[in-house]
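Per this note's numbering, residue 23 is the first one in the sequence shown, and the count goes up by one each step.
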Amino acid sequence: FSRALKPAALAVQNGAKNFSTTSQRNFKVVVAGAAGGIGQPLALLLKQNPLVTRLALYDIAPVTPGVAADLSHMNTPAKVSGHKGPEELSAAIKDADVVVIPAGVPRKPGMTRDDLFNTNASIVRDIALSIAQNAPKAIVAIITNPVNSTVPIASEVLKKAGVYDPNRVLGVTTLDVVRAATFVGEINGVDPTSVAVPVIGGHSGITIIPILSQCQPALKLSDPAKIKALTERIQEAGTEVVKAKAGGGSATLSMAYAGARLTASVLRGLKGESNVVECAYVKSSLTEATYFASPVVLGKSGVEKVLGYGTLNEFEQQLLKAALPELAKNIKTGEDFAKK
Ligand code: NAI
């Protein structure tokens, strides 16, 4: 959500220092599910982040040590370690500052994100348990679907272990923001990196609510039918990729890009940079849904502030109304699973 970059960019232009020389700049980041379609390119991007000095790659796949060996030959500061199988999970997680989780199965054509629940719920639960034991202060960024339910699962596991901090658990919805900016950029005929569109709600179908009325620069569409079609394209963009990959999985490369952006923002917050804002699915009291995606300020202890979503037009209010019961159901499914 690049509006956040502006104050920092201005400070740099003015020659001002916007970071303290004593701030931490060496972080351990774990990718759990690192050998997968998202995990590998995500690890590739994180290996290039100068704030990452240790990159631990965890997966159950036999190729994991090889992925680590491969990346370790890149001449960037991060020291890469590979950890294969549950017996090596603790070592991977130990003392992590950030744990990014793309572990689990992706969709095939015809599947909804909820169809993944049975497999992915226990994967996220087990990784969250290890975080509780080995890095209870880590920021946890969950990519694994269904995000609307896996975030409540991880939160409940951390609660049971007595280490839950709602500011440290985020569901990654950055890809929805990235997609919205891309499509608006195409319509407006401008560089998509200059476009900012907040996307709120959750991360599946009708729970994905792009706030096109707050788009910066303003969206060059006024026909309500076209705005509705664009909204639906953003909501169904994941399915567009699933169909195009024809059984070969879901979005991986654009997701890795979005995951690396969110992780980079989390790290900038941790090192003390101000005005770092991203949309994320977090514990929230903005609506009746107890978890909700909205712009948040990222700081030294994770989510520093949950920002509101401003004024919605009538169409967006209807989208929100439709999303809330679905979100509540998804949250309950996750919480019920974790309580079992
Ligand atoms: P993939 O199948 O290519 O990779 C998943 C990886 O997880 C595999 O390497 C597998 O060995 C590993 N894995 C499975 N069980 C594990 C366990 N217990 N511990 C550690 N690793 C384990 O799948 P892909 O395409 O990378 O997708 C991963 C997840 O991300 C899926 O749930 C998918 O739905 C989700 N996703 C989320 C998006 C978002 O915007 N939040 C966007 C796209 C995908």
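All C-beta atoms, glycine included, are put in the ideal place defined by N, C-alpha and C. In this text the structure is predicted, and so the values were computed from the model without any measurement.
#1: For the beta strand (DSSP E) containing P317, name the first residue and the last one.
#2: Taking just the CA atoms, how far does E338 sit from K101?
#3: What separation, rounded to the nearest whole angstrom, lies between the Cα atoms of D245 and L292?
#4: Can you tell me whether DSSP reads D358 as helix, strand or coil?
#5: Whole alpha helix (DSSP H) runs in the region 251-310 with 4 or more residues, listed along the chain?
#6: Pull up the DSSP beta-bridge partners for I231, would you.
#7: Between which residues of its own chain and K362 is the CB-CB distance below 6 Å, once the five residues before and five after are set aside?
#8: Should Y80 be listed as close to the ligand NAI, given that the test is whether its C-beta is under 7 Å from any heavy atom?
#9: Helix, strand or coil: how does DSSP classify S42 here?
#10: Check whether the Cβ of A273 sits closer than 7 Å to any heavy atom of the ligand NAI, and report yes or no.
#11: Taking C-alpha atoms, which residue in G58, P63 and K69 lies nearest to V127?
#12: Near A278, which residues of its chain fall below 7 Å by C-beta distance, leaving aside the five closest residues on each side in sequence?
#13: Can you tell me which of E336, T215, Y313 and K106 puts its alpha carbon nearest to the alpha carbon of G88?
#14: With hydrogens ignored, establish whether the beta-carbon of I165 is closer than 7 Å to any heavy atom of the ligand NAI.
#15: I'd like to know whether the C-beta atoms of V318 and E300 end up nearer to each other than 8 Å.
#16: Compute the distance between the beta-carbons of V169 and A360, then report whether it is under 8 Å.
#17: Using a Cβ-Cβ cut-off of 8 Å (strictly less than) and excluding sequence neighbours within five positions of I256, which residues of its own chain qualify?
#18: Is G356 near the ligand NAI - that is, is its Cβ less than 7 Å away from at least one heavy atom of it?
#19: According to DSSP, which residues form a beta bridge with I123?
#20: Per DSSP, what kind of secondary structure is Q155 in: helix, strand or coil?
#21: Can you tell me where the alpha helix (DSSP H) with L67 in it begins and where it stops?
#22: May I have the straight-line CA-CA distance separating V53 from A91, to the nearest angstrom?
#23: Assign D213 to one of three DSSP states: helix, strand, or coil.
#24: So I161 packs on D119, CB below 8 Å; how close in whole Å?
#25: Any idea which residues DSSP pairs S103 with across the strands?
#26: Buried or exposed for T141, please, with buried defined as at least 16 other CB atoms from any protein chain shown within 10 angstroms of its CB.
#27: Taking 7 Å as the cut-off, is the C-beta of D148 nearer than that to any heavy atom in the ligand NAI?
#28: For A311 and G207, I'd like the C-alpha separation in whole angstroms.
#29: Using only CA atoms, which one of G260, Q155 and L289 lies nearest to L275?
#30: Residues in the same chain with beta-carbon distance under 6 Å from V325, minus the five sequence neighbours each way, listed in chain order, please.
#31: Compare the C-alpha of G184 against each of A113, A157, K248 and R76 and name the closest.
#32: Roughly how many angstroms lie between the CA atoms of L342 and F314, to the nearest whole one?
#33: Going by C-alpha distance, which of L234, A286, A282 and S177 is nearest E254?
From the atom records:
#1: Counted as a single uninterrupted DSSP element, the beta strand (DSSP E) harbouring P317 occupies residues Y313 to G321.
#2: When rounded, the distance between both Cα atoms is 45 Å.
#3: Distance from the CA atom of D245 to the CA atom of L292, rounded to whole angstroms, is 42 Å.
#4: Helix, per DSSP.
#5: Complete alpha helix (DSSP H) runs here, min 4: 259-267 and 275-292.
#6: DSSP lists I222 as partners of I231.
#7: For K362, same chain residues with a beta-carbon under 6 Å away, outside a window of 5 residues either side, do not exist.
#8: The nearest non-hydrogen atom of the ligand NAI is less than 7 Å from the C-beta of Y80.
#9: Low per-residue confidence applies at S42: pLDDT is 49, beneath 50, and the placement is therefore not dependable enough to give any value.
#10: Checking every heavy atom of the ligand NAI against the Cβ of A273, one is found closer than 7 Å.
#11: Of G58, P63 and K69, the residue nearest in Cα terms is G58.
#12: Hits under 7 Å: I60, P63, L64 and L67.
#13: Checking every option, the nearest Cα to that of G88 belongs to K106.
#14: The answer is yes for I165.
#15: Yes, these two residues count as a Cβ contact at 8 Å.
#16: 8 Å or more divides the Cβ of V169 from the Cβ of A360.
#17: D198, R201, A202, F205, V221, I230 and P232, listed in sequence order.
#18: False, no ligand heavy atom lies under 7 Å from that Cβ.
#19: Per the DSSP secondary-structure output, I123 pairs in a beta bridge with I164.
#20: Assigned with DSSP and collapsed to three states, Q155 falls in helix.
#21: Segment G61 to L68, the alpha helix (DSSP H) holding L67.
#22: V53 and A91: Cα-Cα distance of roughly 15 Å.
#23: Judged by DSSP in its simplified three-state form, D213 adopts coil rather than helix or strand.
#24: The C-beta separation of I161 from D119 comes to about 7 Å, placing the pair in contact by the 8 Å criterion.
#25: Bridge partners of S103: A78.
#26: Exposed is the call here.
#27: If you check the C-beta of D148 against the ligand NAI, you find a heavy atom less than 7 Å away.
#28: Their backbone Cα atoms lie some 31 Å apart in a straight line.
#29: The residue with the shortest Cα to Cα distance from L275 is G260.
#30: For V325, same chain residues with a beta-carbon under 6 Å away, outside a window of 5 residues either side, are N189, V304 and V318 in chain order.
#31: Taking the Cα of G184 as reference, the smallest distance to any Cα among A113, A157, K248 and R76 is reached at A157.
#32: When rounded, the distance between both Cα atoms is 11 Å.
#33: Out of L234, A286, A282 and S177, the CA that lies nearest to the CA of E254 is found in L234.
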